[in-house]
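Visitor:
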Amino acid sequence: MTCVVEARELRYRYPGNHDALRGIDLRIEHGERVALLGPNGAGKTTFMMHLNGLVIGEGELEVAGLRVGKDTLKQLRARVGVVFQDPDDQLFMPTVREDVAFGPLNMGLERVEVSERVEQALAKVRMLHVVDRPPYQLSMGERRRVAIATVLAMEPSLLVLDEPSANLDPRARRELLEVLETIDRTMIVTTHDLPLAAELCERAVILAAGRIVADGPCDDVLADTELLMAHDLELPAGFDLRAIRRRSRPQGAMVVHEHA
Amino acid sequence: MSGLCNHALELTGLAGDPDSPAHRLDPRAKIVGLLAVTVVAVSAPLELWPVYIGCAGTLVAYAAVARTRPADLWRRVRVVLPLVLVLGALVPFVRSGGTTYDLGLLTAHEAGLRICLAVAAKAIIGTFSAALLGATTTFPSVLRGLEALRAPRLLVLIAAFMYRYLFVIVEEFGRMRSALVSRGYNPRNALQAGPMGRMATAMFLRTYSRGERVYHAMLARGYDGTMPQLVPLSFGRPDACFVAAVVLVLVPLRLIELAP
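Top line first, the protein sequences correspond to chains A and B. Per the working numbering, the first sequence starts with residue 219, numbered consecutively. Per the working numbering, the second sequence starts with residue 5, numbered consecutively.
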């Protein structure tokens, strides 16, 4: 079995000579849930955009069995689902149904199959009841879950979530976690919400100034207070990592570890 | 601010019985039929008063079939109609010709009065046509109808995004305004309008960057330049009958009166 993400010496420089990625080496296996942590400006979002071919840097990047390049973009976007930080950026169609159908229709699927996928994806995130409503009538938590459905409907092998818990109240955050734990996909979550990372992911990677500075089991990385402080990250005051119950996985889901 | 959004929502939503035959018509039929009513009314000189009665009768019949309440229609037309009527009411005082009527400080002229009546009749019919289209067709359906009628795709796309993001932008504008007011900004004259200008600039930059993010979100789900449709439009017998009925009633009325 091949890995889902393999980056070697991945570099990206924005116009104006700002180096966003300065040589990323990362390997993510099938079924893993990886938290990508780091302060603002660390390169998390830039890396996330590389996974979907929205930006293409130097070096080697293979995602979901495809070498990322202009010739593989169409297939790549069917295999990698990106959920952006602001659901209002993600939900641009007049109704939830049309929005969730947007990706599968672009994949060239038949309308009957698209309709089935729309209903399945919305049921998965418990939002089937809003299928005919316009996105702007939904709460932030509901929009976030619909945004996840828009990529689940494409049945990607890799799900990338950018700050999924941003602007959510505690209840909406809990509901989001309940939804995410039922999703049987390799998952990369970029976040500042360390308790969410601890609850959802078994592996954590810290990115700082365009480089990977830590990579290991989530519990170990988050327990290293000095490491967190050095990269402008911290757990909430009084937070006890040992009290965290790691979210379960859907039945049958399996993590394949090939890396050391 | 949400009040403003709700008001805008009310104006763009459906009115009447959503299952009425008028609501169920294909959007292309409604656009063509109601546009025909407007074109016939606008093109007819005032002397051809039976044409106006025919147009008004068609609209009344359509509203009755759609079971729209007069109050709902009035809420929509009052946004535009009073302004047009006020402008029309000024014409008798500036356009001279024919008999004059002395009203003390002002003098009204017969030629101006005739123009005023013609403008009022055309404005009322045109505005009610548009209001009835909006009351019986959702805005996204109007856009799909326009696209199917070969309206420029780019303009339709811009209108669709404007509709989707209008509420987001109005809310953002409200938040910025609150931030100004909370710091004591209370303009008393035009010279103090500077911060509002800078706010507009900030809004422009924000909407620009949002546009970029939305485009990325579209690309990430396989957008290739065309907006896919989940449910294709279907132009059936009732739609053809509606268009034929409007044309067969109004066009002869317009042409017969032209005969010497």
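Heads up, the beta-carbon is just placed ideally off N, CA and C, and yes, glycines get one too.
Under the rule that 16 or more other beta-carbon atoms within 10 Å means buried, what is Met325 of chain A, buried or exposed?
Guide: Numbered from its first residue, the first sequence carries residue 325 of chain A at position 107. Buried, by the Cβ-count rule.
Visitor: Would you say Gln338 of chain A reaches chain B, if we count a Cβ-Cβ gap shorter than 7 Å as a contact?
Guide: The residue you call residue 338 of chain A lines up with position 120 of the first sequence. So no, Gln338 of chain A is outside the interface.
Visitor: Short of 9 Å Cβ to Cβ, which residues in the stretch 329-362 of chain A face chain B?
Guide: Only those residues of the stretch 329-362 of chain A whose C-beta falls short of 9 Å from the nearest C-beta of chain B are listed: Arg329, Val332, Ser333, Val336, Pro352, Pro353, Tyr354, Gln355.
Visitor: Whose Cβ in chain B lies nearer than 9 Å to the Cβ of Pro454 of chain A?
Guide: As a working mapping, residue 454 of chain A is identified with position 236 in the first sequence. What Pro454 of chain A touches in chain B: nothing, since even the nearest Cβ is about 27 Å away.
Visitor: Taking beta-carbon pairs under 7 Å, can you tell me which members of the stretch 209-236 of chain B lie near chain A?
Guide: Arg214, Arg217, Val218, His220, Ala221, Met222, Leu223, Ala224, Arg225, Gly226, Tyr227, Asp228, Pro232, Leu234
Visitor: Less than 7 Å between CB atoms is the rule here; does Arg295 of chain A satisfy it with respect to chain C?
Guide: The structure shown has no chain C; the protein chains it does contain are A and B.
Visitor: What's the call for Cys245 of chain B, buried or exposed, on a 16-neighbour Cβ count within 10 Å?
Guide: Translated into the one-based positions of the second sequence, residue 245 of chain B becomes position 241. The residue in question, Cys245 of chain B, is exposed, as its Cβ has fewer than 16 Cβ neighbours within 10 Å.
Visitor: Along the alpha helix (DSSP H) that carries Val558 of chain A, what are the first and last residues, could you check?
Guide: The shown model of chain A, from 219 to 478, leaves out residue 558 of chain A, and the question about it has no answer.
Visitor: What does a CB cutoff of less than 8 Å around Leu18 of chain B pick up in its chain, not counting 5 residues either side in sequence?
Guide: Position 14 of the second sequence holds residue 18 of chain B. Result list for Leu18 of chain B: His27, Ala139, Thr140, Thr141, Thr142, in chain order.
Visitor: Can you give, in chain order, each stretch of the alpha helix (DSSP H) that sits fully within the stretch 281-317 of chain A and has at least 4 residues?
Guide: Whole alpha helix (DSSP H) segments, 4+ residues: 291-297, 305-308.
Visitor: Is the separation between the beta-carbon of Leu255 of chain A and that of Leu451 of chain A shorter than 7 Å?
Guide: On the first sequence, residue 255 of chain A is found 37 positions in, with the first residue counted as 1. On the first sequence, residue 451 of chain A is found 233 positions in, with the first residue counted as 1. Contact flag set, yes.
Visitor: So is Gly234 of chain A in contact with chain B if we call contact Cβ pairs under 7 Å?
Guide: On the first sequence, residue 234 of chain A is found 16 positions in, with the first residue counted as 1. Taking CB atoms only, Gly234 of chain A has no neighbour in chain B less than 7 Å away.
Visitor: Helix, strand or coil for Gly275 of chain A, going by three-state DSSP, please let me know.
Guide: One-based indexing of the first sequence puts residue 275 of chain A at position 57. Correct three-state label for Gly275 of chain A: coil.
Visitor: Within a Cβ cutoff of 6 Å, which residues of the same chain sit near Gly428 of chain A, ignoring the five residues on either side of it in sequence?
Guide: Residue mapping note: residue 428 of chain A aligns to position 210 of the first sequence, counting from 1. If we look at Gly428 of chain A and ignore the five residues flanking it on each side, its Cβ neighbours are Asp237, Ala238, Leu239, Arg240, Gly261.
Visitor: Leaving out the 5 sequence neighbours to the left and right, which residues in its chain are closer than 8 Å to Arg210 of chain B when beta-carbon positions are compared?
Guide: As a first step, residue 210 of chain B is located in the second sequence; it is residue number 206 there, counting from the start. Result list for Arg210 of chain B: Glu176, in chain order.
Visitor: How long is the line joining the alpha carbons of Glu399 of chain A and Ala253 of chain A, rounded to whole angstroms?
Guide: The residue given as residue 399 of chain A occupies position 181 in the first sequence. The residue given as residue 253 of chain A occupies position 35 in the first sequence. Their backbone Cα atoms lie some 14 Å apart in a straight line.
Visitor: May I have a chain-ordered list of the beta strand (DSSP E) segments no shorter than 3 residues that lie completely inside the stretch 238-272 of chain A?
Guide: Runs of the beta strand (DSSP E) inside the stretch 238-272 of chain A: 251-255.
Visitor: For Ala67 of chain B, name the three-state secondary structure that DSSP assigns.
Guide: Translated into positions along the second sequence, residue 67 of chain B becomes position 63. If DSSP states are grouped into helix, strand and coil, Ala67 of chain B belongs with the helices.
Visitor: Per DSSP, which one or two residues make a beta bridge with Thr404 of chain A?
Guide: Taking the first sequence and counting its residues from 1, the one referred to as residue 404 of chain A is at position 186. Thr404 of chain A pairs with A:Leu376.
Visitor: Quick one: what's got a C-beta closer than 6 Å to Glu227 of chain A's C-beta in the same chain, skipping five residues either side?
Guide: The sequence position of residue 227 of chain A within the first sequence is 9, counting from 1. Shown here for Glu227 of chain A: same chain residues with a beta carbon closer than 6 Å to its own, the five before and five after excluded, namely Gly241, Gly277 in chain order.
Visitor: CB Thr368 of chain A to CB Val318 of chain A, shorter than 7 Å?
Guide: Position 150 of the first sequence holds residue 368 of chain A. Position 100 of the first sequence holds residue 318 of chain A. For Thr368 of chain A and Val318 of chain A, yes; Cβs fall inside 7 Å.
Visitor: Distance cutoff 7 Å, beta carbons only. Does Gly287 of chain A sit that close to anything in chain B?
Guide: Residue numbering aside, residue 287 of chain A sits at position 69 when the first sequence is read from its first letter. Not one chain B Cβ lies under 7 Å of Gly287 of chain A.
Visitor: Taking only beta-carbon positions, decide if Pro312 of chain A is within less than 7 Å of chain B.
Guide: Translated into the one-based positions of the first sequence, residue 312 of chain A becomes position 94. So yes, Pro312 of chain A belongs to the interface.
Visitor: Compute the Euclidean distance between the alpha carbons of Arg329 of chain A and Glu280 of chain A, then round it to the nearest angstrom.
Guide: In the first sequence, residue 329 of chain A corresponds to position 111, counting from 1. In the first sequence, residue 280 of chain A corresponds to position 62, counting from 1. Cα to Cα, Arg329 of chain A sits roughly 31 Å from Glu280 of chain A.
Visitor: Which chain B residues sit within Cβ distance under 7 Å of Gly283 of chain A?
Guide: Residue numbering aside, residue 283 of chain A sits at position 65 when the first sequence is read from its first letter. Result: empty, since nearest Cβ-Cβ is about 17 Å, beyond 7 Å.
Visitor: Could you tell me the boundaries of the alpha helix (DSSP H) in which Ala249 of chain B lies?
Guide: Counting from 1 along the second sequence, the entry for residue 249 of chain B is found at position 245. Counting along the chain, the alpha helix (DSSP H) containing Ala249 of chain B begins and ends at 241-260.
Visitor: Considering only the alpha carbon of each residue, which of B:Val172, B:Trp53, B:Arg241 lies closest to Leu259 of chain B?
Guide: Taking the second sequence and counting its residues from 1, the one referred to as residue 259 of chain B is at position 255. The shortest C-alpha separation from Leu259 of chain B is found at B:Trp53.
Visitor: Taking 7 Å as the threshold (beta carbon to beta carbon), is Asn385 of chain A in contact with chain B?
Guide: As a position in the first sequence, residue 385 of chain A is number 167, starting the count at 1. No, because no Cβ of chain B sits closer than 7 Å to the Cβ of Asn385 of chain A.
Visitor: Hey, would you say Pro388 of chain A sits closer than 7 Å to Gly299 of chain A, going by beta carbons?
Guide: Within the first sequence, numbered from 1, the residue matching residue 388 of chain A stands at position 170. Within the first sequence, numbered from 1, the residue matching residue 299 of chain A stands at position 81. Contact flag unset, no.
Visitor: Can you tell me where the beta strand (DSSP E) with Val235 of chain B in it begins and where it stops?
Guide: Locating residue 235 of chain B in the second sequence gives position 231, counting from the first residue. Careful: Val235 of chain B lies outside any beta strand (DSSP E) and carries neither H nor E.
Visitor: Quick check: what's the CA-CA separation for Lys110 of chain B versus Arg79 of chain B?
Guide: In the second sequence, the residue the question calls residue 110 of chain B occupies position 106. In the second sequence, the residue the question calls residue 79 of chain B occupies position 75. Residue identity differs from the one stated: residue 110 of chain B is Leu in this sequence, not Lys. Their Cα atoms are separated by approximately 33 Å.
Visitor: Suppose you measure from the CA of Val250 of chain B to the CA of Ala339 of chain A; what does that come to, to the nearest Å?
Guide: As a working note, residue 250 of chain B is residue 246 in the second sequence. As a working note, residue 339 of chain A is residue 121 in the first sequence. For Val250 of chain B and Ala339 of chain A, the distance between alpha carbons rounds to 44 Å.
Visitor: Per DSSP, which one or two residues make a beta bridge with His113 of chain B?
Guide: Counting from 1 along the second sequence, the entry for residue 113 of chain B is found at position 109. Its beta-bridge partners are B:Thr104.
Visitor: How close, in whole Å, do the beta carbons of Pro232 of chain B and Phe320 of chain A come, if the pair is a contact with beta carbons under 8 Å?
Guide: The residue given as residue 232 of chain B occupies position 228 in the second sequence. The residue given as residue 320 of chain A occupies position 102 in the first sequence. That belief holds up - the Cβ atoms of Pro232 of chain B and Phe320 of chain A are roughly 7 Å apart, short of 8 Å.
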